[in-house]
Amino acid sequence: MANRAAANALRLIEPTPPVAPVPAHPSAVTLAAAADRSVATSALDDARKLRQRQETLARIVAPALGLLVFVAIWYAVSLQGSIPGPAKTWTAAKEVFGNPFYDNGPNDKGIAWKIGASLGRVGTGFGLAALVGIPLGFMIGRFTFLRRMAEPVIGLLRPVSPLAWLPIGLLVFKGAHPAAIWTIFISSIWPMIINTAVGVQRVPSDYLNVARALSLPEWKVFTKILFPAVLPYMLTGVRLSMGVAWLVIVAAEMLTGGVGLGFWVWDEWNNLKVENIIIAIFVIGAIGLALEHLLLLLAKRWQYD
Amino acid sequence: MEQYLKIENVGMTFHTRKGRFTALDDVSLDIRKGEFVTLIGHSGCGKSTLLNLMAGLDVPTSGYIFLSGRQVLGPGPDRGMVFQNHSLLPWLTCFENIYLAVERVFGGSESKPHLVGRTHEALKLVQLAHAADKRPHEISGGMKQRVGIARALAMEPKVLLMDEPFGALDALTRAHLQDELMAIVSATGSTVVMVTHDVDEAVLLADRVVMMTNGPAARIGDIVEVDLPRPRDRLKLVGDPRYVAARKAVLEFLYQKQIKHAA
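Heads up: the protein sequence lines correspond to chains A and B, in order.
In the working numbering, each number is its position in the first sequence, counted from 1, plus 401.
In the working numbering, each number is its position in the second sequence, counted from 1, plus 16.
Take a look at the structure:
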């Protein structure tokens, strides 16, 4: 009785447990008030809230710390003199993003237009690659003969650097814009073909047995069994392809000129406006991250386990 | 004896990379309409092969299989197959999984509301009406297997072929599903051929227990008639001399006669 009163008194005096590096172990309170269930449960509540707070901090603090370290390293390198530091870059960034939609002619437009142009090219090249690559992947996965036909060609062309494809694009399509799209197409098509083909080959025989036991017609097998089973593999291929496409567009634009993020990098290198190069790097990275996350969300939508 | 499902001198030889492998050698069996037959034997005795031949998933290398007078040459909805892995499509709900089968069989001749009605009936038969809109990963193993049975029955097949349907389930669920299966089969009057490893299950459910010799080149070793009245209550049967005798016969075949032959 006296113990319980003392425990209750302690709780009145002591406010909610502080967020200290080494908090009092909650079981100390529960042991002291073992007979009083209401005290015990509220102590467990406090423990849970504390753990939740610690988890949130970890999820926010750790990444923030990582970025801080990165900026610190950047600052340290900038002291050497060859590249501008965070402060200078921030000032330049305010200027760049201050007027994102300006239009001073065909080759001098604001950051929003640059991003739009690059995304547009990626979208077209990637879209074409998907249109060609995914059906091709299905056929290669389904028919062994086609797979054996395609294997040497895919093996030969896949490791080729996208930049080596660019001159061919310029020669055939006679323009920087279509050449860039061609380069994205030929560089990003491989993951979609290969992953889709693997997906088709990996459809569990259980499901195909169901198709046989029900003697479903071929097109029903495709829509109800093959396509949904291959979808996760296909989406992985799409994600990989998107990553490649985004990498390639920057490189391709550097060499072809026009309006775009890649050309901006090259242009500002020629103007020696290094702050803008660094800004471009951040923008390219941020957009790449956003695209990846978008596709991840899409992939999760179609997971059924 | 009316020959509903007739298996006549069936043999099955597979051509593998290591040469020819004879799974079955001269199997003959006549199954009556409405009969419940269990196939039992040691692993590798060709039970599943025989079932697949009945289902038409394979064609026998020798001999013939007739169902209701017509030769079985390929798979078809007149034979409802229940697999050991429930084989439910994970991207479809339970309702849609069954509807797929119903549409395949009756889609050409019946209207959509009719098909939907059939699907709901099948779900009610296995007492899973409440799980119609759930996906397979949201239900338990026993429930998945019930949906598999419902899918097979919804096609109104001439014969229900079950390949160790309860093998992947725990003992309690298995017992529950065995009772449910007996109730369903007596309600629908289905002809059933079931492959099992479990001696008690084989004797409890069957009218006849077909025991196969050891593979390779397996054949039918012996058949035990289980002449017990239905409905069968497992608790009451424990002491029944006919049940005990049948069980003893199966056990002796499996663990005495077959062991000797294997040696």
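Note that beta-carbon positions come from the ideal geometry of N, C-alpha and C, so glycine has one too.
None of these values were measured; they are calculated from a predicted model.
Label A:Arg549 either buried or exposed according to how many other C-beta atoms from any shown protein chain fall within 10 Å of its C-beta, with 16 as the threshold for buried.
That one is exposed.
Under 7 Å, Cβ to Cβ, is there at least one residue of chain A near B:Met97?
By this cut-off, B:Met97 is an interface position.
Run the CB neighbour count on A:Phe539, radius 10 Å, all protein chains shown included, and call it buried at 16 or more, exposed below.
Burial call: buried.
For a cutoff of 7 Å on Cβ pairs, would you count A:Ser606 as touching chain B?
Chain B contact via Cβ: absent.
Could you tell me which of A:Trp475, A:Leu698, A:Ile685 sits nearest to A:Ile516, measuring between CA atoms?
Of the listed residues, the one whose Cα sits closest to A:Ile516 is A:Ile685.
Please state if the CB of B:Val211 and the CB of B:Asp179 are separated by a distance shorter than 7 Å.
For B:Asp179 and B:Val211, yes; Cβs fall inside 7 Å.
Which residues in chain B sit within 9 Å of A:Trp617, going by Cβ to Cβ distance?
The question names Trp, but residue 617 of chain A in the sequence shown is Leu. Residues of chain B passing the Cβ test: Leu116, Arg120.
Would you say A:Pro633 lies against chain B (beta-carbon separation less than 7 Å)?
Not closer than 7 Å to any Cβ of chain B, the Cβ of A:Pro633 fails to qualify, so no.
Residue range of the alpha helix (DSSP H) that B:Asp149 falls in?
Segment: none, B:Asp149 is in no alpha helix (DSSP H) and carries neither H nor E.
Could you work out which residue in A:Leu557, A:Leu648, A:Ile484, A:Ser443 is closest to A:Trp670 when comparing CA atoms only?
Closest option to A:Trp670, Cα to Cα, is A:Ile484.
Buried or exposed: A:Ser589, going by 16 or more other Cβ atoms within 10 Å of its Cβ?
Result: buried.
If you draw a straight line from the alpha carbon of B:Leu244 to that of B:Asp223, how long is it in whole angstroms?
Going from the Cα of B:Leu244 to the Cα of B:Asp223 covers about 8 Å.
Spell out a yes or no on whether the region 155-168 of chain B and the region 186-203 of chain B are touching, meaning 3 or more CB-CB pairs, one atom from each, closer than 8 Å.
As far as the Cβ criterion goes, the region 155-168 of chain B touches the region 186-203 of chain B, which means the pair count is three or higher.
Residues bridged to B:Leu40 by DSSP?
DSSP lists B:Met28, B:Ala234 as partners of B:Leu40.
Sort B:Gln272, B:Asp238, B:Leu220 by Cα distance to B:Gly255 and report the nearest one.
Checked all of B:Gln272, B:Asp238, B:Leu220; the closest Cα to B:Gly255 is B:Leu220.
To the nearest angstrom, how far is it from the Cα of B:His31 to the Cα of B:Ile239?
So the two alpha carbons sit approximately 30 Å from each other.
In chain order, which beta strand (DSSP E) runs of at least 3 residues are fully inside the region 45-96 of chain B?
DSSP runs (the beta strand (DSSP E)) wholly in the region 45-96 of chain B: 52-56, 78-83.
Under 8 Å: do the region 117-130 of chain B and the region 59-68 of chain B share three or more Cβ pairs, one atom per stretch?
With a cut-off of 8 Å, the region 59-68 of chain B and the region 117-130 of chain B do not count as touching, because too few Cβ pairs lie within range.
For A:Ile680, collect the residues of the same chain with a Cβ closer than 7 Å to its Cβ; drop the 5 residues on either side in sequence, then sort them by chain order.
Closer than 7 Å at Cβ, skipping near neighbours: Thr490, Ala493, Ala494, Val497.
Using DSSP's beta-bridge definition, name the partner residues of A:Arg543.
A:Arg543 is not bridged to any residue.
Just to confirm before moving on: does the CB-CB distance between A:Arg640 and A:Leu567 stay below 7 Å?
No. Outside cutoff.
Can you list the residues of chain B that A:Ala488 reaches, using a CB-CB cut of under 8 Å?
Near A:Ala488 there are no residues of chain B at all, since even the closest Cβ is about 53 Å away, more than 8 Å.
Which residue comes first and which comes last in the alpha helix (DSSP H) that contains A:Arg702?
675-702 is the span of the alpha helix (DSSP H), which, as asked, contains A:Arg702.
When DSSP builds the beta bridges, which residues end up paired with A:Met593?
According to DSSP, which records beta bridges pairwise, A:Met593 is partnered with nothing at all.
Hey, would you say A:Trp667 sits closer than 7 Å to A:Met655, going by beta carbons?
Cβ atoms of A:Trp667 and A:Met655: closer than 7 Å.
Under a Cβ-count criterion, where at least 16 other Cβ atoms within 10 Å of its own Cβ denotes burial, should A:Val470 be classed as buried or exposed?
A:Val470 comes out exposed.
Considering only residues of the same chain and omitting the five flanking positions on each side of B:Asp94, which have a CB-CB separation below 6 Å?
Taken in chain order, the residues that qualify are Pro173, Lys174.
For B:Ser103, return the contacting residues in chain A, with the cut-off set at a CB-CB distance below 7 Å.
Near B:Ser103 (Cβ distances below 7 Å), the residues of chain A are Asp607, Tyr608, Asn610, Val611.
With a CB to CB cut of under 6 Å and the five nearest residues on each side skipped, what residues in its chain are close to A:Leu547?
Closer than 6 Å at Cβ, skipping near neighbours: Met540, Ile541.
Go through its chain and collect everything with a Cβ distance to A:Leu411's Cβ below 7 Å, but skip five positions before and after it.
Legend: pLDDT at A:Leu411 = 45, less than 50; position of this residue unreliable, value from coordinates given subsequently. If we look at A:Leu411 and ignore the five residues flanking it on each side, it has no Cβ neighbours.
Just to confirm my understanding: we take B:Ala170, look at its own chain, exclude 5 residues before and 5 after, and list those with CB closer than 7 Å. What are they?
Around B:Ala170: Ile114, Ala117, Val118, Arg134, Thr135, Ala138.
Is it buried or exposed for B:Tyr271, if we count other Cβ within 10 angstroms and need 16 for buried?
By the neighbour-count rule (16 or more Cβ atoms within 10 Å), B:Tyr271 is not buried but exposed.
By DSSP's criteria, B:Leu177 is part of a beta bridge. Which residues make up the other side?
Looking at the DSSP assignment, B:Leu177 forms a beta bridge with B:Met97, B:Val209.
Using a C-beta cutoff of 7 Å, does A:Ala761 count as contacting chain B?
Given that chain A is displayed from residue 402 to residue 706, the structure contains no residue 761 of chain A and the question cannot be resolved.
Could you give the DSSP three-state label for A:Leu648: helix, strand or coil?
In the structure shown, A:Leu648 sits in a helix (DSSP, three-state: H, G or I).
Compute the Euclidean distance between the alpha carbons of B:Thr207 and B:Val225, then round it to the nearest angstrom.
Near 14 Å, if we compare the C-alpha coordinates of B:Val225 and B:Thr207.
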